[in-house]
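Novice: Have a look at this one.
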Amino acid sequence: MDALRLERLVWSVVFGAFVAIPVGLLVAPDPTGLLPVLLAGATLAVSIPVAFRLFEYSESRLAEAGDMTARFVTLFSVAFALRFALSAVGVGGFVGNLVAFGGGWLSASYASERLNPRRWGGGGVSS
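Structural data, given as structure tokens:
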């Protein structure tokens, strides 16, 4: 398994868990029994392959290992920091969420080219 496939697999599991846990806890009528665990497991079993394929199809031909990690880490950290800063100055609700997500998305669009150490040397390492 090459580095790109491994990176996609790891982020697919993270995304699958992010989807499966709320589905298991919110959709099940009794969140204390075995049904939420089974529902979360079934959702995880479906969402991991779907996320893996979506990540595979949305990937550029010039993608390097580490691009997806740099993109997601930048998106989450910038969006969280902006959301925290906007809440500190009293901007909340839909506008705060939209600005935070937009700032995270814009910074993540440049992150894979500038923050991936595999691209700093000039040549691709994982090709």
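In short: position in the sequence shown from 1, add 86, done, that's my numbering. C-beta: ideal position from N, C-alpha, C; glycine also.
For the 8 Å Cβ check, are there 3 or more pairs between the segment 131-142 and the segment 95-109?
Specialist: yes
Novice: Is G102 near L130, with beta carbons less than 9 Å apart?
Specialist: yes
Novice: Between which two residues does the alpha helix (DSSP H) carrying P135 extend?
Specialist: L121 to Y143
Novice: Tell me, please, whether the segment 147-166 touches the segment 183-190 by the rule of three or more beta-carbon pairs shorter than 8 Å.
Specialist: yes
Novice: Tell me the rounded alpha-carbon separation between V177 and F187.
Specialist: 14 Å
Novice: Run the CB neighbour count on D153, radius 10 Å, all protein chains shown included, and call it buried at 16 or more, exposed below.
Specialist: buried
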